[in-house]
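S.K.: Pasting a structure here, questions to come.
Numbering (the working numbering), first residue to last: 106 to 450.
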């Protein structure tokens, strides 16, 4: 397919795969490249890096952001919209209906995914995507809502005194975390959006879930061996593959529908030195005087957040940065030991 002069939408454009795909696309001179990511700072940073890497490119490079599993009107610029949606009784019930009701015009056209593909989202000017390259880890987005954790919480609530539990909220949160209904609705909206937009090609970069090396060899996340959540991710990924297979054989959709599924581990996103950040937030240096120390043998003190010291003025915490996606240093070292897996640059 000729990419030159086409409008391309890259979903998950800030990630390791998404940025690599964008770099490969720009030499082919598409008319416009929309780089979509979950957070605003991610999309804008990706666009900035691409413009710096390709200063002479004639391509219009545009950022877009938001959670494509939610309505466009629910998106936020200051963080992930899903917790806010689930905390509000009206939007939570609307979300459950959006997932489980019959697909209608309102559910379809209100979806951020639909608006991104058809060009109706902000700053896209009503120009639909000719080509979509989907680099989102859809299986992670669905499976890591963690229905097991939701079920544990629900079971604990059953032992609470009568009248202290909002059962409407508990049931709605459980329904909103069901894996298969969310995936089915996602594919329905994706297909209808590409049909309305006249999209010519949809390429999905999928996932094997665990790295494809076995049930008990998780090269990505590994809470248990095997992890139920991680196995659920693999199951959702497999279900999405079959639905993509069926989409490729559905009349009036994109002419080209393909999926590629990397396994083992995928490499580094960046190597550099600078302020250490997480989700756009810079870590500040903190000093803990001995008189303010806490007892590490008390489980209540072993939490990610808390007042454990005094923030220091001046430069933020900086260091050598290896951006390797979901894998920390220890897991990468274990994978490379004895030549089990090697990254190829």
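The C-beta atom is built at its ideal place from N, Cα and C for all residues, glycine as well.
Determine contact between the region 293-310 and the region 204-218, defined as no fewer than three beta-carbon pairs at a distance below 8 angstroms.
M.R.: yes
S.K.: How about residue 172 and residue 187: do their beta carbons lie closer than 7 angstroms?
M.R.: Walking along the chain shown from the start, residue 172 turns up at place 67. Walking along the chain shown from the start, residue 187 turns up at place 82. Yes. Within cutoff.
S.K.: Could you give the distance in angstroms between the alpha-carbon of residue 336 and the alpha-carbon of residue 248?
M.R.: What you label residue 336 is simply residue 231 of the chain shown in a count that begins at 1. What you label residue 248 is simply residue 143 of the chain shown in a count that begins at 1. So the two alpha carbons sit approximately 9 angstroms from each other.
S.K.: Quick test of your reading: residue 190 and residue 197, contact by CB under 8 angstroms. State the CB separation rounded to the nearest angstrom.
M.R.: Within the chain shown, numbered from 1, the residue matching residue 190 stands at position 85. Within the chain shown, numbered from 1, the residue matching residue 197 stands at position 92. Right, the Cβ-Cβ distance comes to about 6 angstroms (below 8 angstroms), so this counts as a contact.
S.K.: How is the alpha helix (DSSP H) around residue 309 delimited, first residue to last?
M.R.: Residue mapping note: residue 309 aligns to position 204 of the chain shown, counting from 1. Per DSSP, residue 309 lies in no alpha helix (DSSP H); the unbroken beta strand (DSSP E) holding it starts and ends at 306-310.
S.K.: Can the beta-carbon of residue 281 be found closer than 7 angstroms to that of residue 201?
M.R.: Here residue 281 corresponds to residue number 176 of the chain shown, with the count starting at 1. Here residue 201 corresponds to residue number 96 of the chain shown, with the count starting at 1. For residue 281 and residue 201, yes; Cβs fall inside 7 angstroms.
S.K.: Using 8 angstroms for Cβ pairs, my map puts residue 124 next to residue 305. What's the rounded Cβ distance?
M.R.: Position 19 of the chain shown holds residue 124. Position 200 of the chain shown holds residue 305. Not quite, the Cβ-Cβ distance comes to about 23 angstroms (not below 8 angstroms), so this is no contact.
S.K.: On the DSSP letters alone, give me the boundaries of the beta strand (DSSP E) that residue 239 sits inside.
M.R.: For the purposes of this step, residue 239 is taken as the residue at position 134 of the chain shown. Start and end: 236-239.
S.K.: Determine the closest residue to residue 130 out of 163, 144, 143 and 149, with distance taken between C-alpha atoms.
M.R.: In the chain shown, residue 130 corresponds to position 25, counting from 1. Out of 163, 144, 143 and 149, 163 has the C-alpha closest to the C-alpha of residue 130.
S.K.: Just reading off the beta strand (DSSP E) that residue 162 is part of, what are its end residues?
M.R.: Residue mapping note: residue 162 aligns to position 57 of the chain shown, counting from 1. Here residue 162 belongs to no beta strand (DSSP E), and DSSP marks it neither H nor E.
S.K.: Which residues mark the beginning and the end of the beta strand (DSSP E) in which residue 84 is found?
M.R.: Given that the chain is displayed from residue 106 to residue 450, the structure contains no residue 84 and the question cannot be resolved.
S.K.: Have a look at 170, 396, 232 and 111 and flag the residue whose alpha-carbon is nearest the alpha-carbon of residue 120.
M.R.: Numbered from 1 along the chain shown, position 15 holds the residue referred to as residue 120. Considering only alpha carbons, the answer is 170.
S.K.: So, is residue 158 buried or exposed, given that buried needs 16 or more other C-beta atoms within 10 angstroms?
M.R.: By 1-based counting over the chain shown, the position of residue 158 is 53. Residue 158 sits exposed, since fewer than 16 C-beta atoms from the chains shown fall within 10 Å of its C-beta.
S.K.: Any chance you could list the beta strand (DSSP E) runs of at least 3 consecutive residues sitting entirely within the region 225-268, in chain order?
M.R.: 236-239
S.K.: Between residue 212 and residue 179, what straight-line distance do the alpha-carbon atoms span, to the nearest angstrom?
M.R.: Translated into positions along the chain shown, residue 212 becomes position 107. Translated into positions along the chain shown, residue 179 becomes position 74. When only Cα atoms are considered, residue 212 and residue 179 end up about 13 angstroms apart.
S.K.: Look up residue 208 in the DSSP assignment and say whether it is helix, strand or coil.
M.R.: Taking the chain shown and counting its residues from 1, the one referred to as residue 208 is at position 103. Of the three classes helix, strand and coil, the one that applies to residue 208 here is coil, per DSSP.
S.K.: Classify residue 418 as helix, strand or coil using the three-state DSSP reduction.
M.R.: Translated into the one-based positions of the chain shown, residue 418 becomes position 313. Here residue 418 sits in coil by DSSP.
S.K.: Between the beta-carbon of residue 363 and the beta-carbon of residue 308, is there less than 7 angstroms?
M.R.: As a working note, residue 363 is residue 258 in the chain shown. As a working note, residue 308 is residue 203 in the chain shown. Result yes, Cβ atoms of residue 363 and residue 308 sit closer than 7 angstroms.
S.K.: State the beta-bridge partners of residue 176 as determined by DSSP.
M.R.: Position 71 of the chain shown holds residue 176. Beta-bridge pairing links residue 176 to 216.
S.K.: With DSSP collapsed to three states, give me the class of residue 450.
M.R.: As a working note, residue 450 is residue 345 in the chain shown. The predicted model places residue 450 with a pLDDT of 46, which falls under 50 and marks its position as unreliable; any figure quoted below should be read in that light. Coil, per DSSP.
S.K.: Tell me the rounded alpha-carbon separation between residue 381 and residue 390.
M.R.: Your numbering for residue 381 matches position 276 in the chain shown. Your numbering for residue 390 matches position 285 in the chain shown. Looking at the two C-alpha atoms, the distance is approximately 10 angstroms.
S.K.: Under the assumption that residue 346 contacts residue 311 (Cβ atoms under 8 angstroms), give the Cβ distance between them as a whole number of angstroms.
M.R.: Start at 1 with the first residue of the chain shown, and residue 346 comes out as number 241. Start at 1 with the first residue of the chain shown, and residue 311 comes out as number 206. Here residue 346 really is in contact with residue 311; their C-beta atoms are around 6 angstroms apart, less than 8 angstroms.
S.K.: Less than 7 angstroms between the beta carbons of residue 112 and residue 136, yes or no?
M.R.: Position 7 of the chain shown, counted from the first residue, corresponds to residue 112. Position 31 of the chain shown, counted from the first residue, corresponds to residue 136. For residue 112 and residue 136, yes; Cβs fall inside 7 angstroms.
S.K.: Assuming residue 146 and residue 287 form a contact by the criterion Cβ under 8 angstroms, report the distance between their Cβ atoms to the nearest whole angstrom.
M.R.: Residue numbering aside, residue 146 sits at position 41 when the chain shown is read from its first letter. Residue numbering aside, residue 287 sits at position 182 when the chain shown is read from its first letter. About 26 angstroms separates the Cβ atoms of residue 146 and residue 287, ruling out a contact at the 8 angstroms cut-off.
S.K.: Taking the alpha-carbon of residue 127 as reference, which of 156, 144 and 110 has the nearest alpha-carbon?
M.R.: As a working mapping, residue 127 is identified with position 22 in the chain shown. It is 156 whose Cα lies nearest to the Cα of residue 127.
S.K.: Compare the Cα-Cα distances from residue 348 to each of 206, 378 and 290 and report the closest residue.
M.R.: Looking up residue 348 in the chain shown gives position 243. The option with the nearest alpha carbon to residue 348 is 290.
S.K.: Indicate the three-state DSSP secondary structure (helix, strand or coil) for residue 327 in the structure shown.
M.R.: As a first step, residue 327 is located in the chain shown; it is residue number 222 there, counting from the start. With a pLDDT of 49 at residue 327, under the threshold of 50, the modelled position of that residue is not reliable, and no figure is offered here.
S.K.: Anyone know if the C-beta pair for residue 359 and residue 302 falls short of 7 angstroms?
M.R.: Numbered from its first residue, the chain shown carries residue 359 at position 254. Numbered from its first residue, the chain shown carries residue 302 at position 197. Cβ atoms of residue 359 and residue 302: not closer than 7 angstroms.
S.K.: Could you please give me the residues that DSSP links to residue 392 through a beta bridge?
M.R.: In the chain shown, the residue the question calls residue 392 occupies position 287. DSSP output for residue 392 lists 415 as bridge partner(s).
S.K.: Quick one: using the 10 Å Cβ neighbour count with 16 as the cut-off for buried, is residue 377 buried or exposed?
M.R.: In the chain shown, residue 377 corresponds to position 272, counting from 1. Its Cβ having fewer than 16 others within 10 Å, residue 377 is exposed.
S.K.: Using a Cβ-Cβ cut-off of 6 angstroms (strictly less than) and excluding sequence neighbours within five positions of residue 177, which residues of its own chain qualify?
M.R.: Along the chain shown, read from residue 1 onward, the residue named residue 177 stands at position 72. Once the five neighbours on either side are set aside, the close Cβ partners of residue 177 are 217 and 220.
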